[in-house]
Each structure stands twice: as structure tokens, then as C-alpha cells.
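Here the structure is laid out as C-alpha cells; the discussion comes afterwards.
Numbering (this note's numbering), first residue to last: 1348 to 1429.
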């Protein structure tokens, strides 16, 4: 992993096209994307939908995250859920 990939996203500077007050949100989303991608690259696909310790599977949680983000951005655009 190169130095760039190890650096916290916010240390890389502002995200183009994002207002100043929303920079922390953009940095957090980009950092989370980077970390989830890194973990999932090595994750065994046969375990993706297996419950863990009686709880929901990793696949469920990944889908849940995607749904929550979709809902947040839909509301941020002033639109209704469909």
C-alpha cells in the first residue's frame, strides 16, 4: 500500500466541487469507501451472506449502508423516496 492510500482522506485536502461546510462529510464517505473496498478485496465470497454469531451477515450490512446513503442523498436533493 502506497503512502497515498494510507493517508487519511481529509489530509489529502479539499474535495473538488464540495462546499466547505460539507468537506467533512465528503472526506468521511471517501474514507469509508476506501476502507470497505480494502477489506472486501480479501473477503471470502462464500462468507458474504453467512450470519456471524447469530447476527446479520456482512452482505446485509453492506446493502444496508448503500440504502442509508441513497436515502440521505435523496433527502439532501429535496426529493421523496420512491
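Ideal Cβ placement from N, Cα and C applies to all residues, glycine included. Values in this document were obtained by computation on a predicted structure and should not be read as measured data.
Determine the direct distance from the alpha carbon of residue j to that of residue i, and round the result to whole angstroms.
i, j, result
"residue 1350", "residue 1383", "For residue 1350, the predicted structure reports a pLDDT of 49, less than 50, and the residue's modelled location is therefore unreliable. The matter cannot be settled from this model."
"residue 1425", "residue 1369", "16 angstroms"
"residue 1367", "residue 1402", "39 angstroms"
"residue 1418", "residue 1428", "7 angstroms"
"residue 1412", "residue 1379", "11 angstroms"
To which residues does DSSP link residue i through a beta bridge?
i, result
"residue 1399", "1402"
Are the CB atoms of residue i and residue j nearer to each other than 8 angstroms?
i, j, result
"residue 1395", "residue 1406", "yes"
"residue 1373", "residue 1386", "no"
Leaving out five residues on either side along the sequence, give the residues of the same chain with a beta carbon under 6 angstroms from the beta carbon of residue i.
i, result
"residue 1377", "1356"
Please work out which residues of its chain come closer than 7 angstroms, Cβ to Cβ, to residue i, disregarding the five sequence neighbours upstream and downstream, and give them in chain order.
i, result
"residue 1404", "1395, 1396, 1397 and 1398"
What does a CB cutoff of less than 8 angstroms around residue i pick up in its chain, not counting 5 residues either side in sequence?
i, result
"residue 1371", "1357"
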